[in-house]
Structure formats: C-alpha cells, structure tokens
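Chemist: Protein chains in written order, with my numbering: chain P, 307 to 881; chain E, 2 to 189. Ideal Cβ positions, reconstructed from N, Cα and C, are used throughout, including at glycine.
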Amino acid sequence: MFGKMKHLLVCGMLAWGSAAARDLPPYHPVSDERLLNPEPRNWLMYRGSYDSHGYSSLDQIDAGNVGQLELVWSFATGLREGHQAPPIVNDGYMYVTTPQNHVLALNAATGELIWRYARFLPDDLQQMHPTNRGVALYGERVYMATVDAYLISLDALTGELIWEVPVEDYYNGYYMTLAPLAADGKIMVGVSGGEWGIRGFVAAYDAMTGEEAWKTYTIPAPGEPGSESWPGDSWQTGGVPVWLTGSYDPELNLTYWGTGNGGPWTGDARPGDNLYATSVIALDAGSGELRAHHQYHWNDSWDWDEVSAPLLIDFERDGSTIRGMVHPGRNGYLWFLDRGPDAIGFVDAWPYVYQDVFTGIDPETGRPEYDMSKKPGIDYQADFCPSLWGGKDWPPAAFNPATRLLFIPANENVCSSLVGEEARYVPGRTFTGRGEADNGGFLIREGAEHIGELQAWNVDTGEEVWTATFESHNWGPVLATAGELVFMGGTNDRYFRAFDAGSGEILWRYPTSSGITGVPVSFAIDGRQYIAVQSGWGVDAEREQNSINRVRGASFYVPQGGSIWVFALPWEPAP
Amino acid sequence: MTGASSGKLSRRSLLGLVSAITVAPQLRAQPPNRMRPQAGDELVFDDGPSLGEVVRPNLIELHARPVAALARDPASGVLRDGSRLNRVMLTRIDPEELAPRFQANAAGGIVAYSAVCTHTGCDVFNWDEEQLRMACPCHESQFDIYDGGRVVGGPAPRPLAMLPLEIAGGAVRVAGPFRGRVGFQQAF
Numbered sequence: 307m308f309g310k311m312k313h314l315l316v317c318g319m320l321a322w323g324s325a326a327a328r329d330l331p332p333y334h335p336v337s338d339e340r341l342l343n344p345e346p347r348n349w350l351m352y353r354g355s356y357d358s359h360g361y362s363s364l365d366q367i368d369a370g371n372v373g374q375l376e377l378v379w380s381f382a383t384g385l386r387e388g389h390q391a392p393p394i395v396n397d398g399y400m401y402v403t404t405p406q407n408h409v410l411a412l413n414a415a416t417g418e419l420i421w422r423y424a425r426f427l428p429d430d431l432q433q434m435h436p437t438n439r440g441v442a443l444y445g446e447r448v449y450m451a452t453v454d455a456y457l458i459s460l461d462a463l464t465g466e467l468i469w470e471v472p473v474e475d476y477y478n479g480y481y482m483t484l485a486p487l488a489a490d491g492k493i494m495v496g497v498s499g500g501e502w503g504i505r506g507f508v509a510a511y512d513a514m515t516g517e518e519a520w521k522t523y524t525i526p527a528p529g530e531p532g533s534e535s536w537p538g539d540s541w542q543t544g545g546v547p548v549w550l551t552g553s554y555d556p557e558l559n560l561t562y563w564g565t566g567n568g569g570p571w572t573g574d575a576r577p578g579d580n581l582y583a584t585s586v587i588a589l590d591a592g593s594g595e596l597r598a599h600h601q602y603h604w605n606d607s608w609d610w611d612e613v614s615a616p617l618l619i620d621f622e623r624d625g626s627t628i629r630g631m632v633h634p635g636r637n638g639y640l641w642f643l644d645r646g647p648d649a650i651g652f653v654d655a656w657p658y659v660y661q662d663v664f665t666g667i668d669p670e671t672g673r674p675e676y677d678m679s680k681k682p683g684i685d686y687q688a689d690f691c692p693s694l695w696g697g698k699d700w701p702p703a704a705f706n707p708a709t710r711l712l713f714i715p716a717n718e719n720v721c722s723s724l725v726g727e728e729a730r731y732v733p734g735r736t737f738t739g740r741g742e743a744d745n746g747g748f749l750i751r752e753g754a755e756h757i758g759e760l761q762a763w764n765v766d767t768g769e770e771v772w773t774a775t776f777e778s779h780n781w782g783p784v785l786a787t788a789g790e791l792v793f794m795g796g797t798n799d800r801y802f803r804a805f806d807a808g809s810g811e812i813l814w815r816y817p818t819s820s821g822i823t824g825v826p827v828s829f830a831i832d833g834r835q836y837i838a839v840q841s842g843w844g845v846d847a848e849r850e851q852n853s854i855n856r857v858r859g860a861s862f863y864v865p866q867g868g869s870i871w872v873f874a875l876p877w878e879p880a881p
Numbered sequence: 002m003t004g005a006s007s008g009k010l011s012r013r014s015l016l017g018l019v020s021a022i023t024v025a026p027q028l029r030a031q032p033p034n035r036m037r038p039q040a041g042d043e044l045v046f047d048d049g050p051s052l053g054e055v056v057r058p059n060l061i062e063l064h065a066r067p068v069a070a071l072a073r074d075p076a077s078g079v080l081r082d083g084s085r086l087n088r089v090m091l092t093r094i095d096p097e098e099l100a101p102r103f104q105a106n107a108a109g110g111i112v113a114y115s116a117v118c119t120h121t122g123c124d125v126f127n128w129d130e131e132q133l134r135m136a137c138p139c140h141e142s143q144f145d146i147y148d149g150g151r152v153v154g155g156p157a158p159r160p161l162a163m164l165p166l167e168i169a170g171g172a173v174r175v176a177g178p179f180r181g182r183v184g185f186q187q188a189f
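(1) In terms of residue numbering, what span does the alpha helix (DSSP H) encompassing glutamate 339 of chain P cover?
(2) In this structure, does DSSP put glutamine 186 of chain E in helix, strand or coil?
(3) Whose C-alpha, out of E:Gly83, E:Trp128, E:Ile61, E:Gln143, is nearest the C-alpha of glycine 109 of chain E?
(4) From the DSSP output, in three-state form, read off leucine 560 of chain P for me.
(5) Using CA atoms only, rank isn't needed, just tell me which of E:Phe179, E:Pro165, E:Gly171, E:Val175 is closest to asparagine 106 of chain E.
(6) For the structure I just gave you, are there three or more beta carbon pairs, one from the segment 143 to 158 of chain E and one from the segment 38 to 51 of chain E, closer than 8 Å?
(7) State the DSSP-derived secondary structure class of proline 634 of chain P, mapped to helix, strand or coil.
(8) Considering Cα atoms alone, identify which of P:Ala615, P:Pro682, P:Met514, P:Lys521 is closest to isoleucine 458 of chain P.
(9) For phenylalanine 507 of chain P and threonine 671 of chain P, what's the separation of their Cα atoms in angstroms?
(10) Consult DSSP for tryptophan 871 of chain P and reduce its assignment to one of helix, strand or coil.
(11) Report the rounded CA-to-CA distance for alanine 874 of chain P versus tyrosine 476 of chain P, giving the unit in angstroms.
(12) Give me the Cα-Cα distance between leucine 558 of chain P and proline 647 of chain P, rounded to the nearest whole angstrom.
(13) Return helix, strand or coil for proline 26 of chain E, following the three-state DSSP convention.
(14) Does threonine 543 of chain P come out as helix, strand or coil in the three-state DSSP assignment?
(15) Our contact map puts serine 869 of chain P next to threonine 818 of chain P with C-beta atoms below 8 Å; I'd like the distance itself, whole angstroms only.
(16) Give a yes or no on whether the minimum CB-CB distance between methionine 319 of chain P and chain E is below 8 Å.
(17) Leaving aside the five residues before and after asparagine 855 of chain P along the sequence, list all residues of the same chain whose C-beta is less than 8 Å from its C-beta, in chain order.
(18) Per DSSP, what are the beta-bridge partners of valine 704 of chain P in this structure?
(19) Beta carbons nearer than 7 Å to chain P: which residues of the segment 75 to 109 of chain E have them?
(20) Output the residue ranges of the alpha helix (DSSP H) runs that lie fully inside the segment 709 to 769 of chain P and measure 4 residues or longer, sorted by chain position.
(21) Whose CA, out of P:Trp536, P:Tyr686, P:Glu759, lies closest to the CA of glycine 795 of chain P?
(22) Please list the partners that aspartate 429 of chain P has in chain E, where partner means a Cβ-to-Cβ separation under 7 Å.
(23) Decide if asparagine 343 of chain P is buried, meaning its Cβ has at least 16 other Cβ atoms within 10 Å, or exposed.
(24) Going by C-alpha to C-alpha distance, which of P:Gly552, P:Gly544, P:Ser355 sits closest to aspartate 609 of chain P?
(25) Who does arginine 66 of chain E pair with in a DSSP beta bridge?
(26) In its own chain, which residues sit with a C-beta less than 6 Å from the C-beta of glycine 366 of chain P, not counting the 5 before and 5 after it?
(27) Taking valine 857 of chain P as part of the alpha helix (DSSP H), name the residues at either end of that continuous run.
(28) Identify whether leucine 86 of chain E lies in helix, strand or coil by the three-state DSSP scheme.
(29) Report buried or exposed for tryptophan 877 of chain P, applying the criterion of at least 16 other Cβ atoms within 10 angstroms of its Cβ.
(30) Taking 6 Å as the limit between beta carbons, can you name the residues of its chain near threonine 773 of chain P, skipping five residues before and five after?
(31) Just checking my contact of tyrosine 401 of chain P with proline 707 of chain P at CB under 8 Å: how many whole Å lie between their CB atoms?
(32) On the premise that glycine 638 of chain P lies in contact with valine 653 of chain P, defined as a C-beta separation below 8 Å, what is that separation, rounded to the nearest angstrom?
(33) Closer than 8 Å, CB to CB, is valine 55 of chain E near chain P or not?
(34) Residues of the segment 436 to 455 of chain P with a CB closer than 9 Å to any CB of chain E: list them in chain order, please.
(35) By Cβ distance, which residues of its chain are closer than 8 Å to proline 486 of chain P, with the 5 residues on each side in sequence left out?
(36) Just checking: is the beta-carbon of arginine 800 of chain P within a distance shorter than 8 Å of some beta-carbon in chain E?
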C-alpha cells in the first residue's frame, strides 16, 4: 500500500529551518481553482498557466523602464550542470529544482533559504541529461520527478518527504527530468529514456496518496490501434519518451503531451510510422484514455523529439477563430493544429528555419514527404538540416495573447550528419544505433553569420514580425510579459536579456555567472514585480558548444555552476 | 515497493535503503553477482562477436575497439552482472608505450578500464580509433588508454578506474580490485 510508503526519516532529505520562514505569510494552499486561474502575482506551474503560454500579465516592468532593472538577490545552488527549472512562486514562497534533484525553498522576496531537499541518487545511475525542469505545486505539497524515476511529494513548508513512488526502474534506462503536471487532483509525469530502449508513457498519481490513477503508453501494444506501425517486438523498446510538461485544456479535460524520438535512432531499424512517436497526444485527464493524436513526422530518423507541449492558442484563419494549438517543431516547421474533443486537425505548417528534409506537406493531413537522401539509415550516412537539436529543442516558446505574437527560441544554420548501425538491446545500455559519421556529425552551413535566433510570429497572420540573431547557439527558454517585453538568456556569453516585444531590440542585459538555460518567470510581492531565472550551463547546450568548437577549431568555454537570479526595478520600501 | 515494507531483497530496495538506519544486517549482505571483480576471477565477453566466451589474449587485437566484459568466479560460476559498476572495457595496447605507473595493471598488452564514466555515470562505449581514446556518448568525455584512463577531453573530473589483470591458464584474469573509484560522485 502506498500509505505504508510514508517514512519521514528518509536518508535523502536534508532540511534546514530558517528565520526566513518567520517573515513569510501563512502558506496559501494551491487549489484546482487557483491552478485554473493563477493570480498574476504568482507563477504556479512550469509555464505559468495550463495553456503553456509562458506569459505574465504583470506590467510594472515595461519597455520604458526595463533599463533600470537591477539585481535584488542571487543564490548559488552549489551544483554543476544544466539548471533548467523555473522558479515556481506561490505568494512569497519560491521553489527551485536543480540537477541531482535538489529542491530549494526560498523566501522569494529576499532569497533566504527556508529548506533544502537533496535526493541521494544511486551510485550506478547513468545521467545522459543531468537536469530537472521544476516542481509542481498542489495543496500544501511540492512534487518532483526524479532522475532515478521516482515521483516524490514534499511538505511545502518543511521539505519533509511525505511519500515517494517508483514510476519505473532507472536501471533499465528510465528517468525523469520534467516538471510534473498537477491537474484534476492528479500529478502527471512522463518518462525520459528514448536513447535507452524504453517504452515511453505518461502516468498519473493521486496527489494525496501517490496511488497510480492511470498509465498510458506512447507505443501501442500488439492489437491496439497504431500497433501495426511497429514491426515485430520493436514496440517494446521503441523509445517515444515524454520529457516535458503537458498542456491542459480544462474544458475538454484533455492534457496534451509532446512525444520524443523512436529508438534506435534511424527509422529503418523499425520500419513504419511508429505511432505515437514525434507526435502530440491528447490524454483524458480523468482516465488517461488517448483521445486524439497528430504525428508531426513519421518514422523519425533525425532524433527530432517533438516533446515540447503545444501552446494552446485560439488563432484566426480566413476570418474565423480556430480553437487551436501551436508547436514550433524540433523538425524546423511551425505547426498550427485544431484541437477538438476527439480529434486533432491539421491547419497549416511552414519552416521557421532552414529545413532540407521535407519536400512537401499534405494539405489535408499535414503528413510530410521526405527527400529520402536526407534520411539516415543503417550504414547510410545522411546530412540534414536543422541539426539533431532541431530548429528548437526543449526550451519553451512564449505567447503574448494581447499582441498575438509567438516568440520562438531558434537555432539556424546548423545541421547534422547521422549514420546508423545495428543495435542490440541490453537493458540499461544506450540503444541509439548511432554510428560514427565520417565528418564528425555536426555541420555549420557555409557563410553562416549567426546561429541563435529569437523569432516573433503573429499567429493570426502567419507573419514573421522580427528576428533577433546571436552569433552563439541559443538554448534560452522564453518569458513574455504584458509590459511589452520578452526575457531570454540561452547564449554562451552568459547574458540574460530583455527584448522590446514589438521590435526585438535589446533593452537591457545582465551577465550572470554561467550560461542561462533556465525558464524565466515573473511574480509580484507587495506590489513589486520581479523577474527570476536560473543560470547554470550544461547538458545539450554544452554538447552543442563542444560540437561548434570542433567545427571551428575553437575552445570556447562556458563556466558551470548554478545560481538563481531575481531582478526588479529600484524600490523604496514603504516606511 | 520502496523496500521499507518488503522483506525480499531486490536491487531497487537495497539501493533505497543502504543508508537508512532501520536496515536489518542481513539485508546488507551483498550477493556474489553484485560484488566488484575479485582477484582470480576470469573475464567473459559481455558484448561483441565473442559474447559469452572467456576472454583470451588472442581474441583481442592491438588497438581494437574496446569491448565490454564482466568478471566471473571460476569456482562458483557466478557472473558478476549484478551491478553495471562491475563492467569493464577491454582492449590491447603496446605494452612498451603504456605509462610506466600503469604497466603492472596490464597483462600481455590487455588493459581493462571501468565502463562507467566518472562524469554522470554513462557507459563509455564510444571509441576514437584515430586518437586511441575511449569516449562517452553522453557528454563526450574522452580517456587515454595509454595513460591510466586520464581525462583528455570533456567534462569528466577523474580518470576511469583501471582493473589490474593477469594471464593464467591462457585466459585473462583479474589480478586485484579496481585501482580508483568506479562511477561518478554526486557533487554537493
């Protein structure tokens, strides 16, 4: 029974009491109602709201005054690697996760530590992606999905472990890095492991007891719809991870999850469409039933995980409003879809970075056709653009509903070369079947003057309004605010920047101690608006830097080490 | 499931409880397949064309792509496959070129390095045949097979642990425990 799993003196917990807690108001429990309509002063979930807009309606900090933005406090996490989590804020309490599954609870106004939870991870763990993307809040609890594949529930006020449940066995290549989704009384998570021969799934747990409510695989078992798209036993080790938080439409009671690559990497190892790889899937929040899907590209052979959850956006087309969703794909196309109770329809799509694989898109279904010379296979090396990190990897795009602009953190001018080899499945070993490309595997297009981009698109007209460019590659998650600003780091020069949302002009920047791949947020306390972000370079941003260095014969170095940074306008406290 | 209420020894439960104060002494006993390679163990290929065969020097060519192997207790026949920290990668080097301080760990030119990267614990399965470096697919750390697994690229903080070898009865055997710490260390 899960009730028996409650053990308070678990070895993984380090907690410190602090005077900071005494200065804080009583904890404000996070109800379903609050999650459905988060107060502008708070940032209660991964993207701030269930529609994944990454938007704050706070406007005290605006294009006119952002140049005065100053550091209020910072806090060193003491850890290396990719600090990707947003600071989640609930009325003065801030919760931040780090690599190695620490959770820090801080006084959001002062940066004083309230408690710290540090998970002791097993010695034989492999971490291909040493990161974590944040907590979920529900009731008076904090939830984290761990890299050793547990879901844990902590007391929001003390950091005490209330329960932990094994979601899968890390030894077989399952792990978790996403922020859980709290909705409908449940805590939902997906599993990583697309490089390890897992069978991906999304699972939901009762928020109070930790009891499993449902579990839906991303690869159908034989006999289930879609199973014909996997040959033989390949469904058992076909990958299709889910490693980013889903969106949620409470009216339809549907959660929308992006799914990752099939395994092994080259599609000829698993001939067929491979449902539901590289797709968006709609799961009923109550039952987990898979109600609809749209596959962005079939038989993935480029490691183009489409794990970013779509932004739920109602957009205009031909004079009418479509209840839709928008997805800047890792495959380099910007997808507009129609979301209904039992179907996801294709609206339109076009490339937002140079893409040389698709030769056409079926106007009815959205199914792409391929230039097969660009499709890697076993013993067949192919060059393709964008690179295996895609036009946009995991860093989330943001949307300003007032101005209708979508902001995409993109990478242009980079390509990959892949060749497959026969892969033998061994539990707990990589199962990519990736061979050694004879050109190093990473290419920069000739004449390229930049790589990183921040793009602004009008979702109603389909117009690209502006694009800011960076010499560096870009791994920066985006925050949009009602102050007509966009915030993003992501470049190897360690800067955190504020952009004019209308023009893309850089209005303010701050050099942090490491590169920023953390999700920025905004919140307010006692009427003062704050912008918060973690810096802490690592994981794939570091890997891509290594690849760029190799191509350019350079040795550019980005320092590691995590810190939380909180900014605001100069402020005179009330007497 | 976490082990707190389970009397049965499983790998997960043991990992969850190794440092919990309530663990009964008998739960701490390590089954022989989880023990690190012991002096006198033979080695068995864990991958490649000779999968399952006893490792003999003539089965590994000079500068061959490193191949995974596991230790096996010749007396009991127990294969030490209970922990991935037990896995080693084997290749053959030119003994005269091996850094002197590591020569005692090689046998007939065969060297064995831990398969587990010291950065974040991934298997070091890649191979740079031009530079003769073992490499990790996760974060591209590289290790010099001629210098005790010294880090020559990427984020790994420490060399790969080396497993001393000897040749007995025509087979490659373990001569002693790992030299160096196996696996990665959680920093904080």
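Modeler: The answer reads as follows:
(1) In the DSSP assignment, glutamate 339 of chain P falls within the unbroken alpha helix (DSSP H) covering 338 to 342.
(2) Glutamine 186 of chain E: coil per DSSP, three-state reduction.
(3) Just measuring C-alpha positions, the residue of E:Gly83, E:Trp128, E:Ile61, E:Gln143 sitting nearest glycine 109 of chain E is E:Ile61.
(4) Residue state, collapsed to three classes: strand.
(5) Residue nearest to asparagine 106 of chain E within the set E:Phe179, E:Pro165, E:Gly171, E:Val175 is E:Pro165 (criterion: CA-CA distance).
(6) They do not touch, by the three-pair rule.
(7) Of the three classes helix, strand and coil, the one that applies to proline 634 of chain P here is strand, per DSSP.
(8) Of P:Ala615, P:Pro682, P:Met514, P:Lys521, the residue nearest in Cα terms is P:Met514.
(9) Straight-line Cα distance between these residues: approximately 25 Å.
(10) In the displayed model, tryptophan 871 of chain P falls within a strand according to three-state DSSP.
(11) Spanning the two alpha carbons is a distance of roughly 41 Å.
(12) So the two alpha carbons sit approximately 6 Å from each other.
(13) With a pLDDT of 44 at proline 26 of chain E, under the threshold of 50, the modelled position of that residue is not reliable, and no figure is offered here.
(14) The answer is helix: DSSP assigns threonine 543 of chain P an H, G or I state.
(15) The beta-carbon distance between serine 869 of chain P and threonine 818 of chain P, rounded to whole angstroms, is 7 Å. This is short enough to meet the 8 Å contact definition.
(16) Low confidence applies to methionine 319 of chain P: its pLDDT is 49, below 50, so where it sits in the model is not reliable, and the reading given next is rough at best. Under the 8 Å criterion on CB atoms, methionine 319 of chain P is classed as non-interfacial with respect to chain E.
(17) In the same chain as asparagine 855 of chain P, and ignoring 5 residues on each side of it, the C-beta atoms closer than 8 Å to its own belong to Ser861, Phe862, in chain order.
(18) The residue asked about is misnamed: residue 704 of chain P is alanine in this sequence, not valine. Beta-bridge pairing links alanine 704 of chain P to P:Phe713.
(19) Cβ contacts with chain P: Ser84, Arg85, Leu86.
(20) Listed in chain order, nothing qualifies, since the segment 709 to 769 of chain P has no complete alpha helix (DSSP H) run of 4 or more residues.
(21) Cα-wise, what sits closest to glycine 795 of chain P is P:Glu759.
(22) Result: Leu86, Gly184.
(23) Asparagine 343 of chain P is exposed by the Cβ-count criterion.
(24) Of the candidates P:Gly552, P:Gly544, P:Ser355, the one whose C-alpha sits nearest the C-alpha of aspartate 609 of chain P is P:Gly544.
(25) Per DSSP, arginine 66 of chain E has no beta-bridge partner at all.
(26) In the sequence as presented, glycine is not what sits at residue 366 of chain P; that position holds glutamine. Around glutamine 366 of chain P, the same chain offers Gln835 as residues with beta carbons nearer than 6 Å, after the five sequence neighbours per side are excluded.
(27) Looking at the DSSP string, the run of the alpha helix (DSSP H) that includes valine 857 of chain P is 845 to 858.
(28) Residue state, collapsed to three classes: helix.
(29) With fewer than 16 other Cβ atoms within 10 Å, it is exposed.
(30) If you ignore the 5 residues before and after threonine 773 of chain P, its C-beta comes within less than 6 Å of the C-beta of Glu759, Gln761, all in its own chain and listed in chain order.
(31) In fact, because the Cβ distance is near 26 Å, the residues do not count as touching under 8 Å.
(32) Actually they do not touch by this definition, with Cβ atoms about 18 Å apart.
(33) The C-beta of valine 55 of chain E comes no closer than 8 Å to any C-beta of chain P.
(34) Those would be Pro436, Asp454, in chain order.
(35) Contacts found: Val441, Ala442, Tyr449, Met450, Ala451, Leu457, Ile493, Met494, Val495, Thr551.
(36) For arginine 800 of chain P, not one C-beta of chain E is nearer than 8 Å to its own C-beta.
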